[in-house]
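Just so you know, the sequences run in chain order A and B.
My numbering puts the first residue of the first sequence at 1, with every later residue one more than the last.
My numbering puts the first residue of the second sequence at 1001, with every later residue one more than the last.
Reading through the structure tokens given below for one structure.
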Amino acid sequence: METLYKCVIWDLDNTLWNGICLEGRVEPRDEVRRTLEVLRDRGVLHSIASRGDEAVARQTLESYDLRKYFVEPKINWLPKNTNILDIARTLNISLDAVAFVDDDPFEREQISYMLPAVRVIEAGEAAALPDLDGFNPGVLTAEARTRTRLYEEEQGRQSAAASYTSREDFLLSCRMQLDLRPATAGDAPRVMELMQRTHQMNSTGLLLSESALLGIIRDSEEGPHLYVAELSDRFGWCGIIGVFLAEVDGPQWQVALFAMSCRVMGRGIERAIISELVDRATARGCRHFRALYHATERNRMMRTMFQMSGFRQQGMRDNGSTFFELDFTQKPTRPSWVSVI
Amino acid sequence: MDTEIEAILVTFIRENCLPQKVQMTLGKEDNLFDTGTIDSAGLIHFIGFIEDRFNIVIPDEDLIPEKFTTIASITAYVRARIHESAIESLR
């Protein structure tokens, strides 16, 4: 599948603006601002890896109203590969979903050598960035348009976490509300986006066309059930963060897709979702609850989640796919800090 | 040996999964999942650390609640794996 870039990391001097900010006046490049806006509205995050004096650069960014486009800017004297790695880790994005824009051939070469997975782009190409392959997800959702703000709210959560004396107290104070509901036609773009963008917490990598998706939504009484999970907490609305497809055959339920956004990892949400899915299935007569799993290089976390939630592996096919079956005596407990509506 | 393994595990959890600066209680029988200390993402990170630190391989099949729910159960598991690896290397 074609790579979709989730984060563009920018150099500052002679890339974001013309001139060198430590040496005096700079002039922002209008075409770069347009690129920043277009990509931001498509759900791409922007960050900064620049050598220089942080205070001066921040002041310059503020004075031209550019600061608002960026998350996790790194302006210091460390090698850029160190900063890029740091940004990718903090944002929980893999390096092959990162692009780096710089005017300096040395810096570009250094990144190509040190971090070959990163896509390296010359500053002169900045205006054309939105037209390049991998920068257009095809679907535009409310979650994508507000991703930069959502990320900033997440930073609020992280810094709030530091002031609590227990992790559970902190999680409880966030007042997380999870709404697990059948998908509607209006959810289709976001469902497709989650199918394309989630890799770590994605059980099978199943991709469906929009028309197939709409068909499932329309026939959900007879056919497979498609659920979405919407999350909110005291910091704001996180949007639709997960999608789950369950095939039902009498008392047997089989989860053909479990996909959850990496943005909300670290809060035990996946346990709340799986336990709620199991409860709903049980209430509807389910006696065998299975989950398909197709191993990739990146979704080991998904296997761990199933196993730690009381599922046992039941067989392996040649293509690497397998399924897990729930041992109902080991049903996962629901986290105390997530209320499900 | 157990106290040593346990201390290494607790340090990792404190540094990576709990709020910094606050001395929090972490009982060795506390359920790491039910207390929100780690979740699926945290466990993957933790396993990578354990494999590197103790030079052992943790097979996927071993990632089950009986073995990875508390500091005490993980300590016992790590001790057993170190022992097995030592025997294997003698053969």
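Beta carbons: idealized from backbone N, C-alpha and C, even for Gly.
Computed from a predicted model, the values in this text were never measured in an experiment.
Residues of chain A with a Cβ closer than 8 angstroms to the Cβ of Phe1012/B do not exist; the shortest Cβ-Cβ separation is about 15 angstroms. For the set Asp30/A, Met201/A, Phe100/A, Gly315/A, the Cα lying nearest the Cα of Val44/A is the one of Phe100/A. In the DSSP assignment, Leu180/A falls within the unbroken beta strand (DSSP E) covering 176–182. In the structure shown, Tyr64/A adopts coil according to DSSP, grouped into three states.
Closest option to Asp13/A, judged by alpha-carbon separation, among Ser173/A, Gly24/A, Leu326/A: Gly24/A.
Selection Leu226/A, Asp104/A, Ile84/A, Arg147/A evaluated against Pro116/A yields Ile84/A as nearest (Cα-Cα). As the crow flies, the alpha-carbon of Thr82/A is around 14 angstroms from that of Arg108/A.
In this structure, Cys286/A and Trp253/A form a Cβ contact; the two beta carbons are roughly 5 angstroms apart against a cut-off of 8 angstroms.
Per DSSP, the beta-bridge partners of Pro28/A are Trp17/A. When the beta-carbon positions are compared, Ile93/A and Lys6/A come within less than 8 angstroms of each other. In terms of Cα proximity to Glu1061/B, the closest of Thr333/A, Ile341/A, Ser321/A, Arg312/A is Arg312/A. The stretch 200–218 of chain A makes contact with the stretch 257–273 of chain A; the number of CB pairs closer than 8 angstroms reaches 3 or more.
Note that the C-beta distance between Ile1056/B and Ile1082/B is below 8 angstroms. Here Leu226/A is near Ala183/A, since their CB atoms are less than 8 angstroms apart.
Using a Cβ-Cβ distance cut-off of 8 angstroms, the stretch 212–227 of chain A and the stretch 125–143 of chain A are not in contact, since fewer than three pairs of beta carbons, one from each stretch, lie closer than that value. When beta bridges are read from the DSSP output, Ala259/A appears opposite Asn202/A, Val243/A. Your pair Arg300/A and Ile1044/B checks out as a contact, with CB atoms roughly 6 angstroms apart and the cut at 8 angstroms. When DSSP assignments are scanned along the stretch 1033–1080 of chain B, the uninterrupted stretches of alpha helix (DSSP H) that are 4 or more residues long and fall wholly within it turn out to be 1040–1054, 1065–1068. Our two residues, Phe244/A and Ala1072/B, have alpha carbons roughly 34 angstroms apart in a direct line. At the C-beta level, Ile341/A and Asp179/A come within 8 angstroms of one another. Contacts with chain A (Cβ-Cβ distance below 8 angstroms) from the stretch 1028–1045 of chain B involve Phe1033, Asp1034, Thr1035, Gly1036, Thr1037, Asp1039, Ser1040, Ala1041, Gly1042, Leu1043, Ile1044, listed in chain order. Pairing Ser309/A with Arg271/A gives a Cβ-Cβ distance under 8 angstroms. Any Cβ of chain A closer than 8 angstroms to the Cβ of Leu1009/B would place that residue at the interface, and such an atom is absent. Residue environment: Gly250/A is assigned as exposed (fewer than 16 neighbouring CB atoms within 10 Å of its CB, all protein chains considered). Contact with chain A is found for Ile1064/B, since one of that chain's Cβ atoms lies less than 8 angstroms from the residue's Cβ. For Tyr227/A, there is no enclosing alpha helix (DSSP H); the residue is part of the beta strand (DSSP E) that begins and ends at 225–233. Listed in chain order, the beta strand (DSSP E) runs fully inside the stretch 119–154 of chain A are 119–122, counting runs of at least 3 residues.
With contacts defined by Cβ atoms closer than 8 angstroms, Ile1013/B and Thr1075/B do not form a contacting pair. Within 8 angstroms of the CB of Pro189/A, no CB atom of chain B is found; the nearest one sits about 26 angstroms away. According to the DSSP assignment, Ser211/A belongs to the alpha helix (DSSP H) that extends over 210–218.
For Ile269/A, the closest alpha carbon among the candidates Ala1007/B, Ile1038/B, Val1010/B is that of Ile1038/B. Fewer than three beta-carbon pairs drawn from the stretch 67–81 of chain A and the stretch 165–175 of chain A are found closer than 8 angstroms, and the two stretches are therefore not classed as touching.
Interface residue (Cβ-Cβ distance to chain B less than 8 angstroms): Gly266/A is classified as such.
Only residues of its own chain outside the window of five on either side were considered, and among them Ile1071, Ile1074, Thr1075 have a CB closer than 7 angstroms to the CB of Leu1009/B, listed in chain order.
DSSP places Val71/A outside any beta strand (DSSP E), giving it a letter other than H or E. In this structure, the beta-carbon distance from Ser112/A to Gln177/A does not fall below 8 angstroms.
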